[in-house]
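Enquirer: Here's a structure for you.
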Amino acid sequence: MKKLLFQEDRPIQTFAIAPTNEHLKKFQKYSRDLGRFFELWKKFESPKGTKKASLAEEKELYDLIKGTQIEARLSLMELYGFLHLPFSAKEQGLAWQWLETMQAIVNDHDLPEPVIKKGTLEALEYSYKALGLHFLFLYRLNKRTEAAYWEKVREELSDEIHKFLKTEVKNIRKKCRNCGSTLSWDYPHGLCNPCYTARFIEYEWDWD
């Protein structure tokens, strides 16, 4: 970590580009088919020195709602905005949460509450992600009052995660990979001093 923190940043060689609202506005003058937009973006060659955003996760989410009432009832700009929410759509649970929330939006129902699970670090971290996705919807829909309540829940989750991590760190014991004796957490080598010395002496004898 120290090495990473103090090393010099690499010069920027390239940067990513993604569709803007202006691109979408121009496209919707000719078509409302967002699937066609993704096809055109795939064929688009980005200028030299840039890297094209893949939009792979947006496309995966679009495939979930293609031809449904969700696509029919939202404008192209609105739909793309929801597709572009910054969360990990590759996690199936979060993708289904997104879909369920989208169905609630087009049907004018209350947004489904995120599932909060505890007990393990994995469960807590997933719950934090699910809550983060819920926040994205709340702020996009300007539901500030609901967001204030869930902010307290998120703080509680964050505290539990930190407690869990502290407990886990305390339980971690660095051991010598040869004899198994306990080493201090900041010990710089994988062998304790006696094992290292013994191996060094053995190495010298081999040379003799």
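Heads up, the sequence shown is in the numbering used here, so the first residue is 1055 and it goes up one at a time.
Where a beta carbon is used, it is the ideal one built from N, C-alpha and C, also for glycine.
No experiment lies behind these values; they were computed from the predicted model shown.
(1) Can you tell me which of the three DSSP states Thr1074 falls into?
(2) Assuming the contact rule is C-beta atoms closer than 8 Å, Glu1167 and Leu1137 should be a hit. Round their C-beta distance to whole Å, please.
(3) Which residues mark the beginning and the end of the alpha helix (DSSP H) in which Thr1155 is found?
(4) Could you name the residues of the same chain whose beta carbon sits closer than 6 Å to that of Met1055, not counting the 5 residues immediately before and after it, in chain order?
(5) Does the distance from the CB of Thr1104 to the CB of Ile1071 come in under 7 Å?
(6) Ordered along the chain, which non-local residues of its own chain (more than five positions away) have a Cβ less than 7 Å from that of Lys1144?
(7) Could you give the DSSP three-state label for Leu1237: helix, strand or coil?
(8) Is the stretch 1197-1211 in contact with the stretch 1179-1187, if contact means three or more CB pairs nearer than 8 Å?
(9) Exposed or buried, what is Thr1199 when buried is set at 16 or more other beta-carbons lying within 10 Å of its beta-carbon?
(10) Do the stretch 1168-1178 and the stretch 1114-1124 meet, that is, are 3 or more Cβ pairs less than 8 Å apart?
(11) I need the straight-line Cα distance from Lys1096 to Pro1073, nearest angstrom please.
(12) Below 8 Å on the Cβ atoms is my contact criterion, and I expect Arg1086 with Gly1135 to pass it. Report the Cβ-Cβ distance as a whole number of Å.
(13) For Leu1211, which of Leu1175, Ala1126, Leu1237 has the nearest alpha-carbon?
Expert: So, to answer that:
(1) coil
(2) With 8 Å as the limit, Glu1167 and Leu1137 do not qualify as a contact, their Cβ atoms being about 22 Å apart.
(3) 1146-1160
(4) Result list for Met1055: empty, nothing under 6 Å.
(5) yes
(6) Excluding positions up to five away in sequence, the list reads Glu1111.
(7) If DSSP states are grouped into helix, strand and coil, Leu1237 belongs with the strands.
(8) yes
(9) exposed
(10) no
(11) If you take the alpha carbons of Lys1096 and Pro1073, they lie about 11 Å apart.
(12) Not a contact, Cβ separation roughly 15 Å.
(13) Leu1175
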